[in-house]
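J.: Each step along the sequence shown adds one to the number in this note's numbering, with nothing skipped, and position 11 is 201.
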Amino acid sequence: MGALFSSDISPAVFKGISTNLATREQRRLYRRFMRLSRGAPVLSADQLSRIPELTTNPLRTRITSLFVDLPDNQISFASFLRNLEGLSIWGSLDDMLTFSFKVYDVDGDGIISASDIEAIIMCIIGDLETSVSPTLIENSVRNTLHGFSQTNEPITLELFSRTIKALPGAESRFAIAF
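#1: The beta strand (DSSP E) spanning I241 covers which residue range?
#2: What are the start and end residues of the alpha helix (DSSP H) that includes S234?
#3: What separation, rounded to the nearest whole angstrom, lies between the Cα atoms of A356 and L349?
#4: Quick one: is T254 buried, meaning 16 or more other Cβ sit within 10 Å of its Cβ, or exposed?
#5: Cα separation between D259 and I315?
#6: Among all the DSSP beta bridges, which residues are the ones paired with Q237?
#7: What does L260 pair with, by DSSP beta-bridge criteria?
#8: Tell me where the alpha helix (DSSP H) around S290 begins and ends.
#9: Give every residue of the same chain whose Cβ lies closer than 6 Å to the Cβ of G281, excluding the five residues on either side of it in the sequence, and list them in chain order.
#10: Report, in whole angstroms, the separation of the C-beta atoms of S227 and L233, which I expect to be a contact under 8 Å.
#11: What residue does the alpha helix (DSSP H) around V331 start on, and which one ends it?
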């Protein structure tokens, strides 16, 4: 098992993976992937959801679902690397915003709708669902939509990015140190 974590990582591991991450960061993430997967070539969504950076995140199931690219809820190293680029402090703000948009676009139709926002709110409140009034949830959805567009414009990736970039400290709000 010691060989798994050595600094002698074959360049073939990274062949065909397009990323803006520095080679050093890619190698570090490969070692992290191999530790998490216990040396297996794939990582399960469950293994990923148990890492400390995600265990307290109420959206961890939604986040890990975006990494899954293989049958049986499995994650390849290529998917792990590409998706971490959107969460990592070493990724660009645009990568982070694109990944975040995908988290909130629950149905994957390219627009964050009221039903997407409601699904995210339900993930966040979890077990409190029965004690939160439907009116409060509806108001939260409406206020969230209004926060992005006063003209009821659909929340596209472009609008989402433009709105978030206007917030102070936007970059630090999306990064997770893996």
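From the three backbone atoms N, C-alpha and C, an ideal C-beta is built for every residue, glycine too.
T.: The short version:
#1: On the sequence shown, position 51 is the one that residue 241 refers to. Careful: I241 lies outside any beta strand (DSSP E) and carries neither H nor E.
#2: For the purposes of this step, residue 234 is taken as residue 44 along the sequence shown, with counting starting at 1. Not the alpha helix (DSSP H): S234 falls in the beta strand (DSSP E), residues V232 to S234.
#3: As a working note, residue 356 is residue 166 in the sequence shown. As a working note, residue 349 is residue 159 in the sequence shown. For A356 and L349, the distance between alpha carbons rounds to 11 Å.
#4: The residue labelled residue 254 in the question sits at position 64 within the sequence shown. The residue is buried, with at least 16 neighbouring Cβ atoms inside 10 Å.
#5: As a working note, residue 259 is residue 69 in the sequence shown. As a working note, residue 315 is residue 125 in the sequence shown. Distance between the alpha carbons of D259 and I315 is about 28 Å.
#6: Within the sequence shown, residue 237 is the residue found at index 47, counting from 1. Paired residues: none, contrary to the question.
#7: Position 70 of the sequence shown, counting from 1, holds the residue named residue 260. DSSP lists Q264 as partners of L260.
#8: Taking the first residue of the sequence shown as position 1, residue 290 is located at position 100. Run containing S290: L283 to Y294, per the alpha helix (DSSP H) assignment.
#9: If you number the sequence shown from 1, residue 281 lands on position 91. E275, listed in sequence order.
#10: Translated into the one-based positions of the sequence shown, residue 227 becomes position 37. Translated into the one-based positions of the sequence shown, residue 233 becomes position 43. Going by Cβ atoms, the distance from S227 to L233 rounds to 4 Å, so yes, they are a contact pair.
#11: Mapped onto the sequence shown, residue 331 falls at position 141. Element bounds for V331: P324 to F338.
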